[in-house]
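Below is one structure, written out as structure tokens; comments come after it.
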Amino acid sequence: MARDPLSQTLELIDARMIYAGGFIGGGDWSIRFDPPRKIKFFVIGRGSCLLALDGTAAPFPLEAGDVFLLTRNAGFTVTTDLSLAPKPAHAIFAGAGAAIVPVGQGDDFLFLGGHLDTDHAGGRLMVESLPDFLHIPACESGAGRLGALIGELVEEAAGRAPGAEMACSSLAHLLLIQILRRHLAAAAQVEPGWLRVACDPRLVPALALMQGNLGHSWSLPELARAAAMSRTAFATHFRAVAGIPPLAYLTEWRMRQADRALRRGGSSVAEIAHSVGYSSEAAFSAAFKRVMGRSPRRTTRTNGRELDAA
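Residue numbers are given in numbering that gives the first Met the number 0: position 306 of the sequence shown equals residue 305, and the series is strictly consecutive.
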């Protein structure tokens, strides 16, 4: 069975949601978080709070069951009262030794969070494809799969049974996919890019061909036929959804797959070039350098770390 383009895209950029933990709050409290270096997500397990995001005029009221995804590099405060002086998050969580830290007095509030881990290029792709933030209220997420996943995440995090950490990260990854599906379904509001094109029903057949056989010399007419569109209509629609022409997208996809293969090691540059549709190593190297900004021979993998060879 052919794999779906969104799954292949997330796999290509090594996108996975990592559950980090959270805190239990009671009474009045206020916590200040520095600008995140990665895409962050938050789930409100119980209770309510305010999230004041730098650069945004009004705070977000968050209730139990709400999900918040933050892609902007901006600091924020989570609090019960905006007039309170916030404590820095790094001071609260440093050396805590527990996945869930108590804040204030009581346990009427539960805040869970984590971040999206990707390779460097994948992080840029995700940020470019998503808005500065996504707030999904419980009234929208409560029914269906997303609400069920939130409930399971809260149960695993609060229960702390053996294996809870791995279970929470797996559930967080499923949450990411559900959030992306929900967001990308509103295609008119989504910026052109790789995530949007991966979910476009008219283009999925053509993407499946391209991604399923990188060694084939795909032509525009072949891809247009797969999408049941004329060549002109296909090229126009593809560019509007992806932001680049179809054959330029194919070249970028080939180079990113080649980059993964180079970092894994075990294959020569010539073998990788052939696997992504290039009979000439010189032509492949020129295309790779144009797309990736470096020659294929500069990427090596030593002891699990990517290094630039001399």
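C-beta: ideal position from N, C-alpha, C; glycine also.
Note that this is a predicted model, so its numbers are computed, not measured.
- Only residues of its own chain outside the window of five on either side were considered, and among them Lys-39, Phe-132 have a CB closer than 6 Å to the CB of Leu-69, listed in chain order.
- Where Tyr-248 is concerned, the enclosing alpha helix (DSSP H) starts and stops at 245-263.
- With respect to Gly-44, Ala-19 sits apart: the two C-beta atoms are not nearer than 8 Å.
- Between Leu-213 and Arg-253, the C-beta spacing is below 8 Å.
- Contact annotation: the segment 27-42 touches the segment 75-88, with at least three C-beta pairs closer than 8 Å.
- Put simply, the segment 145-152 touches the segment 171-190. At least three CB pairs are less than 8 Å apart.
- Trp-217 has its alpha-carbon roughly 18 Å from the corresponding atom of Phe-287.
- Residues of the same chain with a CB within less than 7 Å of the CB of Arg-238, apart from the 5 flanking positions on each side, are Pro-244 in chain order.
- Annotation note: the segment 140-208 contains the following uninterrupted alpha helix (DSSP H) runs of length 4 or greater, listed N- to C-terminal: 143-158, 163-184, 193-197.
- For Val-102, there is no enclosing alpha helix (DSSP H); the enclosing beta strand (DSSP E) covers residues 99-103.
- Counting other Cβ atoms within 10 Å of its Cβ, His-172 reaches 16 or more and is therefore classed as buried.
- It is roughly 8 Å from the alpha-carbon of Gln-210 to the alpha-carbon of Pro-4.
- Straight-line spacing of the CA atoms in Ile-23 and Glu-10 works out to 33 Å.
- For Leu-9, the uninterrupted alpha helix (DSSP H) run begins and ends at 4-11, by DSSP.
- Of the other Cβ atoms in all chains shown, fewer than 16 fall within 10 Å of the Cβ of Met-165; this residue is therefore exposed.
- If you draw a straight line from the Cα of Pro-220 to the Cα of Val-275, it comes to about 20 Å.
- For Ile-91 against Ala-156, the beta-carbon gap comes to about 17 Å, at or over 8 Å, which does not count as contact.
- In this structure, the alpha-carbon of Arg-181 lies about 14 Å from that of Glu-190.
- Just measuring C-alpha positions, the residue of Asp-116, Ile-135, Pro-101 sitting nearest Phe-110 is Pro-101.
- According to DSSP, residue pairing for Ser-47 in a beta bridge involves Glu-62.
- When the Cα atoms are used, Phe-59 and Ala-51 turn out to be separated by approximately 6 Å.
- C-alpha of Ile-17 to C-alpha of Thr-231: approximately 42 Å in a straight line.
- In the structure shown, Lys-288 adopts helical secondary structure according to DSSP, grouped into three states.
- In the DSSP assignment, Tyr-18 forms a beta bridge with Gly-113.
- The C-alpha of Met-228 is placed about 21 Å away from the C-alpha of Ala-184.
- Pairing Glu-280 with Val-268 gives a Cβ-Cβ distance under 8 Å.
- One alpha carbon belongs to Arg-159, the other to Met-125, and they sit about 31 Å apart.
- Taken atom to atom, the span from the alpha-carbon of Ala-93 to that of Gly-113 is near 16 Å.
- Spanning the alpha carbons of Ala-225 and Cys-198 requires a straight line of approximately 16 Å.
- Close CB contacts of His-215 within its chain, under the 7 Å cut and outside five residues either way in sequence, are with Gly-276 (chain order).
- For His-134, the enclosing beta strand (DSSP E) covers residues 132-135.
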